[in-house]
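What follows is a single structure, written as structure tokens, with notes after it.
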């Protein structure tokens, strides 16, 4: 147990060490010397000053310039590998008419003294040629290098793209410019030339963000996927997580709801590797800090520079005990040197439902239900049979048959009026459509500014996003029950270089959101309750439940209808239910800040840096529960004059508001210190990292009110030789408070290696393979998200039974006037497991990366396999005789393997650029051990099959003849009641009984094994189009309950596909297609309702996920007078079209089957059509 | 060298940081939570564990589970649905499916096998640890241990009648124990119950007013009497088991018929009655049958109830399945079969209509002619409840408005709410003195002592205001006694096990299996469902066809437990 003193002393010593680290980072301004060397560098659109800084960082030279105005133009783009420093400098400065002198350890730059560079012997043959160099859009190319092929004669184009150069007898001009294909032209006989450069297909050297650092993409040996800002922005969805869908191989997502503010997808990297259901989420890291999916999803995509997904052990080992499920790294934008760049974008979109379940109209419903009652032969339900008159009324939308009207002593005009009014009692409604049929606006604005000098760089962004729900009539009577989501984002990233050898980076961000929507029954706020309850009213209401709205009035009751009890309706509708539901509004603010100090220790040894990072996150949510009373009316036909509609009711009750309802807060403190080393020795480059971090998260609801802590050391060493041979070693050593003191820290090593064959000298140049790399990794990572309660290692605990139907007891006597005060009960709540530890994952990854046909085609193929053990599960083999809530134990084992294939083709036809990309990923897991008792047949076990593998009977059509019925195997499903039109089950074990022994694995699991996407982009003179198509295969979606049987509680809804597809004797006889068993009032509980392959739908689909069309205006005169450099207008659409062979209408194949969705009880997914404009100043 | 030193220095700092901050970042709970030692220190905490043992152990058969599947009792619906007394027409409830499809090893059951062991563990934990409470006297500690023994005995009795022989657990099992304990034989299980009861015989005869709900010395006697009665009944007291379990028949059958078992049952019940009468318990009989029966079944802590389930908690209480003002009750429709068991007030048979419609006025007059126990237990359509006279909360209008979907049924149950007014809690009677009179009647009849059988039976008849029975033919008398059981203990949770242990010949036809009927009505156009004039006529219709198969005599063990290899499954599952 702690004493107060202990606490303080440990805190201060911790603080001291941190301060010491920071002070050390400031101290020391030594200098050291180093000889001239080869240098690698990569700069794009940088200024001369940035180049100089880069040189100063990478070498020991100091650069001085004399009487010189250095250009601020961002025209330096350079990409060299192992080039002598002198050549690099000459390449840049020579072309700018600057002269460079090396003087001891100083480089002096001065105006070039004009010299005749022509060799004297060739002087006579020289002549001058001038020219202009443009790009594909006929824009001048500034700073292109023009050289006489094979000589040192060189010049550079000016701001108008023009150049002039002295020719010798050599007439081969070579033009090169970074990012463009070099050209060599023959200029013999010409004095002027116009040259158009074409953009290079070779992507610029990409920097990949890895755990606690960055690496050059070429030298990465781990399995890492990336997505850039452009793709994220195209999705036009509220959540960053949802925008990732279909963009990265190996990332799968299923969405649980389409409701604004609650529509985040569940993300999985390389499928599922653990049977521990609460520990499957990947780790989210934003700018180096571990965050939750919710924080990522509340970011503005405009702030994000890119997202990297770390998939294998090599990439995730540094995260140690958190790395097993993969890592999603979000990197925000930072400023670049240059004048301020201001960008403003505005988007307006319309959201609508993608598809809705189709229910029958009242007439079909009545026919269907009559058939069901007749089929069942259940005379108790005869009162529910619709009469011929009622059928006529439904069909004709009338309350009275002509015969009834004739008998009512009405005038002709009254009769005409009644007939023209249509039905009040015998109406027909499509409640899903009436509920969710609205279109809702979505707006997004973002303004950001970035820029910098050599002292400070900055990026600042403010964003606004709002999205409304699609519920119809949601504001009737001031109810405002639609979901609303509004978010304000602010971010500022500042990097300062004001002290020598010290970089300071300060990130601040804030997200403020208002999120409102209905709550579920008993004011529950979980997703399983909220819209499930609402949709339950829809599916449990027949289409004639209520007239809905009459004369703009919400009808909640019916008057004067002698037939009410026959129709068994009260007149209340789902519309009234939702409008009367309580609303929860949450105001959330998430504020984060971090400071990073990086100190360069080149004076100790070159390439050595240390850094310290401190970050703090705070979140506060305030909730308000409100109820806006609305008027509800009863309507009926006046008994003395049925042509008159009579309304009653409409009384509005008091509105209620509960403040501070469901408030929530959390905060997180994170600290990190690290030593980093990066140096090239000749042909070898060595990097090293040792990083220590600690994190503390707290919210008032944590068990035992103890903050969650995590700490550890991460380290990495890489070595590459000439970028041919790559080796990397990663090591995580970290621990979590969930584990016993002696067993808290684990060691997680990973080793990876790569060979870039195409960098070998013997590798044929200009062959059709331009890039070839193989890489492999092997390592171990952990998972401490073991779910359930914390501190499992503690001894058995007792607790109150709380609010429970069996809570406590009352002993006392009573005279019956009042219950006696009872005793609250206490019972043993959990038994401890002193050996609890983390899950262990051993991962392997083997990959091939290739570029072919002059980099036009690139290919990456990964194979991975993973074995996980120590999975924390409940022991299924201990008997329940113990009668205790036994702790789970680390005994589960699971394996997972699969592959990812990525192909990309990028080419151009004249000024028409296009690319096609495709990804295919596959993963398949298997439960190897889960302490499950052995079942009679192996197929009854969970062990040996995939996680979430569905099981059920195999079906074999329907019982079409009485002979088949008479010979059916004994069916335990409904006490052996089987009749014509029922589903036939296969007796797998052949014992003549259909029972649980015949339930075998059917279909797959909810997470599809295959996911693929195909995207296509076109660019032509400012126009651009991109299309993303995604699809999956080998996934299953179970239909349950309302999707199996209509008429639940005798009056629930029926779906059109049930009615259309139902078995009838006539259809069976004529061999027509039958897609639903016989009509029955109880297909949920009778023979037909058992889980079977009949109800398990394949989720295989292909979807046009995203389409974007845009046009960019550049260099327009009237724009430049407004200081506008570029305007782009575009339109994009998300979830545009879906082809799915098996899913019933209303069910999106990307939707999770959880939270009632498998019965049709989920807020439907939405489509977004968005228009936007982006202006850059 | 200098560089190396500095690098070493940084590394040192990292390591120092890790070690020094560990306590700061990786905290553990500071021992403020409850554990077994902190509960069993003072009596004010220990009593909470005792209360929980009562709550768990006595819950079997009472619908406290109500959607909480891991709890005790029937999961939504009451046991009266299972034996044809009440009809459940709501297919989202477990009892709906059990009557239509039977119990099965891989899904819903009438009880929760696993929960019996949770309850028993709680009792054993109290028994083991109560010694550590510092402010209880030794005699109180001893008394609590005896209470726990009796509660364990009660749990074993509940399993005995449902499963036959079950594993015998004598103490708290720890995780390190070998938890694989096979079923004991029927005889061993019975012996274990009897031994626990005998051991618990030192309980007090009475408690202070605020502890009246605790187990008295009479309860172990009652448990033993009931155990002997079930041991004597035909299902167990037989040469052959109801279905063969081959070498394991002794788990479900004694293997012989022994009339001495009936004698033991009679004697044990007599011991209960003797003890009860000596300790101020009585059969309430003031000559006003409706009030007497109403009081005996409804009034909290009345002198006829030896033990009741006293869980009196908030709005999720089990009482909602019994109180007509709550929605949960509209799953319980009075069946035609149950209605037909009641006598008229003069002890003769009532004739009820068949499928041919009769005027509703006849329903009203026939209902009015019924015996007082029906009137103390039933709401008949359009009639203000008899057992809460002149109480607007219980008149036909309020009841219909509280549950507007009440429709087809012979009536609804108002039992347990005699003159309850708006009280919304009840004590469910577990042992009511009348039970032991009927035990004796049943047992004495089987050993050929019809005089004793009749005298005990007629105690109950007389209180009900019905004429004495004089039948002496054992077979005829047995049927009369069984009918008396059905009426007297309507909705008290006995009949589902009684009919099976009696091995009644028509179990498959009208008791559990076969057609179950109730009344349906037609209405006049004014249609308020409240006044007699709203109804036109009534007739019987089949509500559902019940399922019966011989395997249903005893409950199945859950498949998940059987798969662990330590349990012999009951036959036919």
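Residue numbers (our numbering), protein chains in the order written: chain A, 1 to 1177; chain B, 1 to 573.
Glycine included, every Cβ here is placed at the ideal spot set by N, Cα and C.
Given the structure is predicted, the values throughout are model-derived calculations rather than measurements.
Indicate whether at least one CB of chain B lies closer than 7 Å to the CB of residue i.
{"i": "residue 882/A", "result": "yes"}
{"i": "residue 798/A", "result": "yes"}
{"i": "residue 1130/A", "result": "no"}
{"i": "residue 28/A", "result": "The pLDDT assigned to residue 28/A is 35, lower than 50, so where the model puts this residue is not dependable, and the model offers no usable value."}
{"i": "residue 933/A", "result": "yes"}
Quick check on the DSSP output: the beta strand (DSSP E) that includes residue i runs from which residue to which?
{"i": "residue 920/A", "result": "912-929"}
{"i": "residue 672/A", "result": "664-681"}
{"i": "residue 465/A", "result": "456-468"}
{"i": "residue 728/A", "result": "725-736"}
{"i": "residue 515/A", "result": "502-518"}
{"i": "residue 646/A", "result": "641-649"}
In the DSSP output, what is residue i paired with across the bridge?
{"i": "residue 1081/A", "result": "Residue 1081/A pairs with nothing; no bridge assigned."}
{"i": "residue 845/A", "result": "777/A and 864/A"}
{"i": "residue 140/A", "result": "134/A"}
{"i": "residue 1102/A", "result": "1031/A and 1139/A"}
Closer than 7 Å, CB to CB, is residue i near chain A or not?
{"i": "residue 366/B", "result": "no"}
{"i": "residue 353/B", "result": "no"}
{"i": "residue 155/B", "result": "no"}
{"i": "residue 87/B", "result": "no"}
{"i": "residue 403/B", "result": "no"}
{"i": "residue 290/B", "result": "no"}
{"i": "residue 214/B", "result": "yes"}
{"i": "residue 282/B", "result": "no"}
Taking its Cβ as the centre, do 16 or more other Cβ atoms sit within 10 Å of residue i, making it buried, or is it exposed?
{"i": "residue 412/A", "result": "exposed"}
{"i": "residue 266/B", "result": "buried"}
{"i": "residue 975/A", "result": "buried"}
{"i": "residue 332/B", "result": "buried"}
{"i": "residue 473/B", "result": "exposed"}
{"i": "residue 239/A", "result": "buried"}
{"i": "residue 432/B", "result": "buried"}
{"i": "residue 1139/A", "result": "exposed"}
{"i": "residue 72/A", "result": "exposed"}
{"i": "residue 1083/A", "result": "buried"}
{"i": "residue 1165/A", "result": "buried"}
{"i": "residue 210/A", "result": "buried"}
Could you spell out where the alpha helix (DSSP H) holding residue i opens and where it closes?
{"i": "residue 218/B", "result": "218-232"}
### Contacting positions in the segment 736-748 of chain A - beta carbon closer than 8 Å to chain B
736, 737, 741 and 744
### Task
Could you run through the segment 105-118 of chain B and flag, in chain order, every residue whose CB is less than 7 Å away from some CB of chain A?
106, 114, 117 and 118
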